[in-house]
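All residue numbers for the sequence shown refer to our numbering, where the first residue is 1 and numbers rise by one.
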Amino acid sequence: MIQEERLWQRLMELGEIGRQPTGGITRLSFTKEERAAKEKVAAYMKEAGLFVYEDAAGNLIGRKEGTDKDAPVVLVGSHLDSVYNGGMFDGPLGVLAAVEVVQTMNENGVETKHPIEVVAFTDEEGARFRFGMIGSRAMAGALSADELNYQDANGVSVAEAMQEAGLNPHHIGKAARKPGSVKAYVELHIEQGRVLEEANLPVGIVTGIAGLVWVKFTVEGKAEHAGATPMPLRRDPLVAAAQIIEVIEQEAKETGTTVGTVGQLHVFPGGINIIPERVEFVLDLRDLDAAVRDNVLQSINEQAQKIGKERNVKVTTELLQEMPPVLCSELVQNAAKEACQKLGLDVFSLPSGASHDGVQLVGLCPIGMIFVRSQDGVSHSPDEWSTKEDCAAGANVLYHTVLRLATGE
Ligand code: GLV
Ligand code: MN
Ligand code: MN
1 MIQEERLWQR
11 LMELGEIGRQ
21 PTGGITRLSF
31 TKEERAAKEK
41 VAAYMKEAGL
51 FVYEDAAGNL
61 IGRKEGTDKD
71 APVVLVGSHL
81 DSVYNGGMFD
91 GPLGVLAAVE
101 VVQTMNENGV
111 ETKHPIEVVA
121 FTDEEGARFR
131 FGMIGSRAMA
141 GALSADELNY
151 QDANGVSVAE
161 AMQEAGLNPH
171 HIGKAARKPG
181 SVKAYVELHI
191 EQGRVLEEAN
201 LPVGIVTGIA
211 GLVWVKFTVE
221 GKAEHAGATP
231 MPLRRDPLVA
241 AAQIIEVIEQ
251 EAKETGTTVG
261 TVGQLHVFPG
271 GINIIPERVE
281 FVLDLRDLDA
291 AVRDNVLQSI
301 NEQAQKIGKE
311 RNVKVTTELL
321 QEMPPVLCSE
331 LVQNAAKEAC
341 QKLGLDVFSL
351 PSGASHDGVQ
361 LVGLCPIGMI
371 FVRSQDGVSH
381 SPDEWSTKED
391 CAAGANVLYH
401 TVLRLATGE
């Protein structure tokens, strides 16, 4: 059994880094907050007896050798970056539980055939550059040089941010793992929804991860005087954007499974007495079935063009990122099922609506996830919470899952 108090104390300690006056956490990639979080976790990794290093993408890694050091490695982890004003469990729970798992093994003299690496991935959330999973993409060898040109709100590119953090963007390819070198990837994460709470269960096993697209819409009209321009003469892009956002809601609702969100919208120039000239917003659209999601997107695009014509404004779109839905492997799901049975916990499976680094790693290795109950299902919010007991239950399931994967063939 893992040490519940130690895990909880570290979660609380790490949860102070990037804390905002609102109570939420803002810990964006390649910032001093993220650096502080990495330093803290590196110290925990050392306490756990791990060999600690950072790869070319800034992924923080702690390694426990296997009895066969050439055997493929079992990767366990999550991320340390957050969304703007997020919670303290999304990411850190998975990293700290992974540290706790190997520390418990080391303290009990448990050896495994396969090496185990605890990983804290660089920029899972995509909050800073509107493009995420940078560390896991790099590890999968799937990050292109172009993608390092994405810019944050201040015009700083991923490549520049990497340089500021002491990393060489030209070396990003070195973070790629060789095919066959990773046995499996397992991540413990909070559910971020209400399914486990409804089922009255602390832990669940993830069957698959929904696929998402992020599409930036730009609507261009004409900036004019808010007092002097009669209503019929206006070309107001914000009203058109409002109509498009309503279409997004309707189209997603009709499927019963797709979820569509506009969480970011900028109005230019942003004056009270100026009809806007331009509006930009980003659509986040997800479904476990890529075809269903893509049909919804097509319909949204068609209707957006129609609205643009009717209102005499120009609507253009840009695909920011796309991730296919991904199934969790039988290998990891079965190991997690056995772990639940060993611990006397119900075996309960559920899909993930949120996206995770495993999506990027499927080309490299079998992946799987274990979920911990989220209080009221809330996440990406300062109110995000999971109890100490539930976190410990999840970490114990992770322990036996990793042990099974690292000792088995
Ligand atoms: C990541 O947390 C996402 O699903 O947006
Ligand atoms: Mn998140
Ligand atoms: Mn997360």
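Glycine included, C-beta positions come from ideal geometry on N, C-alpha and C.
Checklist entry - What do you reckon, is the C-beta of Asp-90 under 7 Å from a heavy atom of ligand 3? => result Mapped onto the sequence shown, residue 90 falls at position 90. At least one heavy atom of ligand 3 is nearer than 7 Å to the Cβ of Asp-90, so yes.
Checklist entry - Sorted by chain position, which residues of the same chain lie with C-beta nearer than 6 Å to Ala-413's C-beta, five sequence neighbours on each side aside? => result Outside the shown range of the chain, which is 1 to 409, sits residue 413, and nothing can be said about it.
Checklist entry - Just to confirm, does Leu-225 get its C-beta within under 7 Å of one of the non-hydrogen atoms of ligand 3? => result Stepping through the sequence shown from its first residue, residue 225 is reached at position 225. The question names Leu, yet the displayed sequence has His at residue 225. Checking the Cβ of His-225 against ligand 3 gives no.
Checklist entry - Which of the three DSSP states, helix, strand or coil, is assigned to Trp-214? => result Your numbering for residue 214 matches position 214 in the sequence shown. Note: Trp-214 maps to strand in three-state DSSP.
Checklist entry - Using a Cβ-Cβ cut-off of 8 Å (strictly less than) and excluding sequence neighbours within five positions of His-114, which residues of its own chain qualify? => result Start at 1 with the first residue of the sequence shown, and residue 114 comes out as number 114. Contacts found: Gly-66, Asp-68, Ala-71, Pro-72, Val-73, Val-74, Lys-183, Leu-405, Ala-406 and Thr-407.
Item to check | Three-state secondary structure (DSSP) of Gly-271 | outcome: Residue mapping note: residue 271 aligns to position 271 of the sequence shown, counting from 1. Three-state result, Gly-271: coil.
Item to check | Where Lys-183 sits in the DSSP three-state scheme | outcome: Here residue 183 is taken as the residue at index 183 of the sequence shown, counted from 1. Correct three-state label for Lys-183: strand.
Next on the checklist: When you compare the CB positions of Met-105 and Leu-11, do they come within less than 8 Å of one another, or not?
Outcome noted: Your numbering for residue 105 matches position 105 in the sequence shown. Your numbering for residue 11 matches position 11 in the sequence shown. Going by C-beta atoms, Met-105 is not nearer than 8 Å to Leu-11.
Next on the checklist: Comparing C-alpha positions only, which one of Ile-205, Val-102 and Ala-120 sits nearest to Asp-90?
Outcome noted: Translated into positions along the sequence shown, residue 90 becomes position 90. For the options Ile-205, Val-102 and Ala-120, the alpha carbon positioned closest to that of Asp-90 is the one of Ala-120.
Item to check | Limits of the unbroken alpha helix (DSSP H) element including Thr-401 | outcome: On the sequence shown, residue 401 is found 401 positions in, with the first residue counted as 1. Taken as a continuous stretch (DSSP letters only), the alpha helix (DSSP H) holding Thr-401 covers 388–407.
Item to check | Proximity test, Ala-354 beta-carbon vs ligand 2 heavy atom, cut-off 7 Å | outcome: Walking along the sequence shown from the start, residue 354 turns up at place 354. At least one heavy atom of ligand 2 sits closer than 7 Å to the Cβ of Ala-354.
Item to check | ligand 1 heavy atom lying under 7 Å from the CB of Glu-125 | outcome: Within the sequence shown, residue 125 is the residue found at index 125, counting from 1. Yes, Cβ of Glu-125 sits closer than 7 Å to a heavy atom of ligand 1.
Next on the checklist: According to DSSP, simplified to helix, strand and coil, what is Lys-306?
Outcome noted: Locating residue 306 in the sequence shown gives position 306, counting from the first residue. In the three-state reduction of the DSSP assignment, Lys-306 falls in the helix class.
Checklist entry - With Asp-357 and Arg-373 assumed to form a contact (beta carbons below 8 Å), what rounded beta-carbon distance in angstroms separates them? => result Here residue 357 refers to the residue found at position 357 when the sequence shown is read from its first residue. Here residue 373 refers to the residue found at position 373 when the sequence shown is read from its first residue. Rounded to the nearest angstrom, the Cβ distance from Asp-357 to Arg-373 is 21 Å, too far for a contact under 8 Å.
Next on the checklist: Mapping the DSSP letters down to three states, classify Met-12 as helix, strand or coil.
Outcome noted: Here residue 12 is taken as the residue at index 12 of the sequence shown, counted from 1. It is helical.
Checklist entry - Name the DSSP bridge partner or partners of Glu-4? => result Here residue 4 refers to the residue found at position 4 of the sequence shown. The partner list for Glu-4 (beta bridge, DSSP) is empty, contrary to what the question assumes.
Checklist entry - Roughly how far, in whole angstroms, is the beta-carbon of Val-239 from the beta-carbon of Arg-130, given that I think they are within contact range, below 8 Å? => result Sequence index remark: in the sequence shown, residue 239 carries index 239 (1-based). Sequence index remark: in the sequence shown, residue 130 carries index 130 (1-based). Going by Cβ atoms, the distance from Val-239 to Arg-130 rounds to 25 Å, so no, they are not a contact pair.
Item to check | Touch test, the stretch 150–162 against the stretch 300–315, Cβ-Cβ under 8 Å, three pairs minimum | outcome: With the cut-off at 8 Å, the stretch 150–162 and the stretch 300–315 do not touch.
Checklist entry - What number of angstroms, rounded off, separates the C-alpha of Asn-85 from the C-alpha of Gly-62? => result The count along the sequence shown starts at 1 and reaches residue 85 at position 85. The count along the sequence shown starts at 1 and reaches residue 62 at position 62. Between Asn-85 and Gly-62, the C-alpha separation is close to 28 Å.
Checklist entry - Any idea which residues DSSP pairs Gln-264 with across the strands? => result For this step, residue 264 is matched to residue 264 along the sequence shown. Listed as beta-bridge partners of Gln-264 by DSSP are Val-282.
Item to check | Extent of the continuous alpha helix (DSSP H) run through Arg-35 | outcome: To locate residue 35, count along the sequence shown from 1; it is residue 35. Counting along the chain, the alpha helix (DSSP H) containing Arg-35 begins and ends at 32–47.
Checklist entry - According to the neighbour-count rule (16 or more other Cβ atoms, all chains shown, within 10 Å of its Cβ), is Asn-273 buried or exposed? => result Residue mapping note: residue 273 aligns to position 273 of the sequence shown, counting from 1. Burial check for Asn-273: the Cβ neighbour count within 10 Å stays below 16, so the residue is exposed.
Item to check | N-terminal and C-terminal residue of the beta strand (DSSP E) that Ser-136 is part of | outcome: Taking the first residue of the sequence shown as 1, we reach residue 136 at position 136. Looking at the DSSP string, Ser-136 is not in any beta strand (DSSP E); the run it does join, the alpha helix (DSSP H), is 134–139.
Item to check | Heavy atom of ligand 2 within 7 Å of His-171 beta-carbon | outcome: The residue you call residue 171 lines up with position 171 of the sequence shown. No, the Cβ of His-171 stays beyond 7 Å of every heavy atom of ligand 2.
Next on the checklist: Bridge partners for Asp-287 per DSSP, in chain order?
Outcome noted: The residue you call residue 287 lines up with position 287 of the sequence shown. Listed as beta-bridge partners of Asp-287 by DSSP are Gly-211.
Checklist entry - Considering only residues of the same chain and omitting the five flanking positions on each side of Gly-15, which have a CB-CB separation below 6 Å? => result For this step, residue 15 is matched to residue 15 along the sequence shown. Met-88, listed in sequence order.
Item to check | Reduced DSSP category for Met-105 - H, G, I as helix; E, B as strand; rest coil | outcome: Walking along the sequence shown from the start, residue 105 turns up at place 105. Judged by DSSP in its simplified three-state form, Met-105 adopts helix.
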